[in-house]
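One structure is given below, encoded as structure tokens.
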Amino acid sequence: MDTTPVGEAKRRKLKARMDELGILEDDLVEKFVQGSGSGGQKINKTSSCVFLSYPTAGIEVKCQRSRSLALNRHYARWELCERIAEIREGEISRRQMEAEKVRRQKRRRSRRQRAKMLDDKHRHAVKKSRRKPPATD
57 MDTTPVGEAK
67 RRKLKARMDE
77 LGILEDDLVE
87 KFVQGSGSGG
97 QKINKTSSCV
107 FLSYPTAGIE
117 VKCQRSRSLA
127 LNRHYARWEL
137 CERIAEIREG
147 EISRRQMEAE
157 KVRRQKRRRS
167 RRQRAKMLDD
177 KHRHAVKKSR
187 RKPPATD
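So the number in the numbering used here is just where the residue sits in the sequence shown, counting from 1, plus 56.
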């Protein structure tokens, strides 16, 4: 795996993670395909999108995060490791946690919570207004 833009430390960390999960480089099926999305002519004529398949576990990863093929290869392998770890260890992935956080943030507040917030705002406004000097007529 020729990964010039990826540092030696990151390569070693990925290799250790793959060894820990028992993923062999020979078991991976890697294809380079055209990416999708914006990018115009450049994206239409280069195949920097990595399609990585791990038939042993039946997992497929498509990565187009970067414009660099080498970085996309690295990211695809890392994503594959994350998915396998999630399946094997039952971990909640970082992506699932972020999605849940967004869901919680978008959730509408209850009437009681809204009333309490409004009351707190009113109390704060009163406190601030008391700091003003007295009005002189």
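For each residue, glycine too, the CB sits at the ideal point set by N, CA and C.
- Judged by DSSP in its simplified three-state form, V62 adopts coil rather than helix or strand.
- Taking C-beta atoms as the reference points, L77 and R133 fail to come closer than 8 Å.
- In this structure, the CA atom of M153 is about 15 Å from the CA atom of I143.
- Along the stretch 104-158, the alpha helix (DSSP H) occurs as fully enclosed runs of 4 or more residues at 125-145, listed in sequence order.
- The alpha-carbon of T102 is positioned some 20 Å away from that of S109.
- Taking a C-beta distance under 8 Å as the contact criterion, K172 and H130 do not qualify as a contact pair.
- E156 sits exposed, since fewer than 16 C-beta atoms from the chains shown fall within 10 Å of its C-beta.
- For K98, the uninterrupted alpha helix (DSSP H) segment begins and ends at G96 to K101.
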